[in-house]
Each structure stands twice: as C-alpha cells, then as structure tokens.
Amino acid sequence: MTFSVVAHDPATGDMGIAVSSCILAVGRAVPAVRPGVGVVAVQARSRRGLGTTLLDGLASGGSPEALVRRAAHSAEDADRQIAVLDPGGRVAADTGRGALPVGGHLVGEGFSVQGNMLASSDVLPAMAHAFAGSTGSLPDRLLSALTAGQDAGGDLRGRQSASLLVVSGTPATEDDDGVRMDLRVDDSGDPVAQLRMLRNLQRAYDERDYEYLALFAPEGARELYAALAASRRGDREAAREALEAMRSRPGWSGWLASMAGDARLSAVSRLLG
Numbered sequence: 001m002t003f004s005v006v007a008h009d010p011a012t013g014d015m016g017i018a019v020s021s022c023i024l025a026v027g028r029a030v031p032a033v034r035p036g037v038g039v040v041a042v043q044a045r046s047r048r049g050l051g052t053t054l055l056d057g058l059a060s061g062g063s064p065e066a067l068v069r070r071a072a073h074s075a076e077d078a079d080r081q082i083a084v085l086d087p088g089g090r091v092a093a094d095t096g097r098g099a100l101p102v103g104g105h106l107v108g109e110g111f112s113v114q115g116n117m118l119a120s121s122d123v124l125p126a127m128a129h130a131f132a133g134s135t136g137s138l139p140d141r142l143l144s145a146l147t148a149g150q151d152a153g154g155d156l157r158g159r160q161s162a163s164l165l166v167v168s169g170t171p172a173t174e175d176d177d178g179v180r181m182d183l184r185v186d187d188s189g190d191p192v193a194q195l196r197m198l199r200n201l202q203r204a205y206d207e208r209d210y211e212y213l214a215l216f217a218p219e220g221a222r223e224l225y226a227a228l229a230a231s232r233r234g235d236r237e238a239a240r241e242a243l244e245a246m247r248s249r250p251g252w253s254g255w256l257a258s259m260a261g262d263a264r265l266s267a268v269s270r271l272l273g
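Sequential numbering from 1 applies to the sequence shown in the numbering used here.
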C-alpha cells in the first residue's frame, strides 16, 4: 500500500524519510522521527505506535539491527513492514510474512527503500538506484528516489498522498527543534509531483528567491515578492507597481507601515526614493 525511502546524509548528519501511498495523509501514518535519535518507517499492517516504540528503543541505545530483529520475532508484528535508521547511518529493514505483495525492501549504504502492494517488482530497485546515483541535498535525493518509485508504478491501487521529513542528527534544543523539513501532500491526484513543487517553493523561501516567489507564492503575497525582486534588480517601475498593488489590498497598507524598519522593504523604499 506504500513505498518509502529512509536515508542518512553523512555530510550534515541529517536523517530523512520520503513516502507515498494510496491512502489519505500518509505523512501521519508511516513516518516516525526524532532529532538526534532516528527515523522509522512503519508500513503494511503495522501496529499504531510501533514507530514510537522503535524510536524509544533507539533512544535507549538499541541498534537498528537489534530492534528490527526483535520486531521480526514478535507474533503481533508479523504483518508489518519496518525500516529503522539511526544518526550514525546504520539502517535495518524487514518485511513481515503477512505484508501485502508485491512487497519487500532493499538496504544500501546509509539508506533503505521498502514497499508493499506495489505495481511491479521494478519499484524498489528503481528507488535504490535513484538514491544511490543522485547528488545534492538529502531532501532532493529522497525525492529522486520517491519519484523513481512512482515512475516505476508506485502503489498498485493508485496515488493519493506523500510526505517528506528531514531532521537533525543531533537532539533538539530550546533554540532548534531539529526539524529541517516537514512537507506533506495529504490528498492529490499526483502527490509526488506536488511534493516536488512544495520542495521547490521551500527552497525559494530558504534562499530568498524573490523572482520564483513572485510567481508561485500565495495570491496577495506575490506583489510583496515582486517588489523585493524588482528592488534586487533595480527595476524602479516594477517595484512601484507591485507596491501600489499591495496597498490596494485590504489591510496591506497598515502592514506595510508596521514593517517600515524591515531592511528588505527599506531597500524598496530607497529605490523608489
């Protein structure tokens, strides 16, 4: 019913999971993550709460291999499918004998792909090959694997939701919750493609790509990013038009006045001055 990839980034220490399925809101059901502790995928007919149990086992010093082995010998978990990853990049996975076919898992260096009720036996090899052969940031590599799985057929029943979660390899603190990315598509005809779009939008926010945000940010905020983009490229007329469009929207004039000290908006004002 689900296909997923869990992986570790040795360069940053981050850990992550990407998953898609023909169920509503798979991001609520499959991933279990804890910064500084690990990432777990619980699929097929897994017990609710098994992910938390496995994370508690990691937090107590258990290895992914030992935790997976214990679950594999548990009668109540015979129908489940799990993958467990720790901050050191150790990973283990198992597919219970009662998991739905076509199903299985493949474990590589610092990652694992797993799935059940798949459209074909090509899905998991395609995912493993895509992740191992990709470069760049962990979120992008996870999405490469998920996309390859969908392109190979994905979930036999169809597609509805997808999720991408990345957390730090170090514990959360008061200043840093350890969550690097948390994107979800709960109901879509093409959730993996929608998840890639959200990743691109998140990247634009992180990198302050105002040109991109001027096109794809929510209606209303687009004029704000258009003004910032115009200011960055020195286009006085475009900046003026964007600001006038913002002021014409109810409530935005007051917001602009309250943000007068913001350095980014000050740059727009200087350009127009």
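No residue lacks a Cβ here, since even glycine has one placed at the ideal position from N, Cα and C.
Whole angstroms are fine: how far does the CA of Asp-190 sit from the CA of Arg-45? 24 angstroms
In the DSSP assignment, find the alpha helix (DSSP H) that holds Asp-206 and state where it starts and stops. 191-207
Rounded to whole angstroms, what's the CA-CA distance from Leu-274 to Val-26? Just pull it up for me. Absent from the structure is residue 274, since the part of the chain shown begins at 1 and ends at 273.
Under a Cβ-count criterion, where at least 16 other Cβ atoms within 10 Å of its own Cβ denotes burial, should Ser-74 be classed as buried or exposed? exposed
With DSSP collapsed to three states, give me the class of Leu-106. strand
Quick check on Val-282: does DSSP put it in helix, strand or coil? In this structure the chain extends from 1 to 273, so residue 282 is not present and cannot be described.
For the segment 114-174, which segments carrying the beta strand (DSSP E) assignment without a break, of at least 3 residues, lie completely within its bounds, in sequence order? 161-167
Ala-11, DSSP secondary structure in three states: coil
Considering only DSSP beta bridges, list what Asp-94 is partnered with. Ile-82
If the criterion is Cβ atoms closer than 8 angstroms, does the pair Met-181 and Leu-156 meet it? no
Alpha-carbon spacing of Pro-87 relative to Gly-13, whole angstroms: 7 angstroms
Taking contact to mean at least 3 C-beta pairs separated by less than 8 angstroms, is the segment 186-202 in contact with the segment 47-59? no
Does the pairing of the segment 127-137 with the segment 108-119 give three or more beta-carbon distances under 8 angstroms? yes
By Cβ distance, which residues of its chain are closer than 6 angstroms to Val-292, with the 5 residues on each side in sequence left out? The chain is shown only over 1 to 273; residue 292 falls outside these bounds and no answer can be derived.
Contact set for Gly-153: own chain, Cβ-Cβ below 6 angstroms, skip 5 residues either direction: Ala-119, Ser-120 and Val-123
Grouping DSSP H, G and I as helix and E and B as strand, with all else coil, what is Arg-48? coil
Compare the C-alpha of Gly-36 against each of Leu-243, Gly-169 and Leu-272 and name the closest. Gly-169
Between the beta-carbon of Ala-239 and the beta-carbon of Ala-227, is there less than 8 angstroms? yes
Starting from Leu-183, follow the beta strand (DSSP E) in both directions and report where the run begins and ends. 179-185
Endpoints, alpha helix (DSSP H) assigned at Glu-219: Note, Glu-219: premise wrong, no alpha helix (DSSP H); not H, not E.
C-alpha distance - Ala-72 paired with Arg-97, whole-angstrom precision: 9 angstroms
First through last residue of the alpha helix (DSSP H) which encompasses Pro-250: Segment: none, Pro-250 is in no alpha helix (DSSP H) and carries neither H nor E.
Among residues of its own chain, excluding the 5 on either side of Ala-145, which ones have a beta-carbon nearer than 7 angstroms to its beta-carbon? Val-5, Ala-18, Val-113, Met-127, Ala-130 and Phe-131
Would you call the CB atoms of Ala-83 and Ala-41 closer than 8 angstroms? yes
Taking all protein chains shown into account, decide if Asp-94 is buried (16 or more other Cβ within 10 angstroms of its Cβ) or exposed. buried
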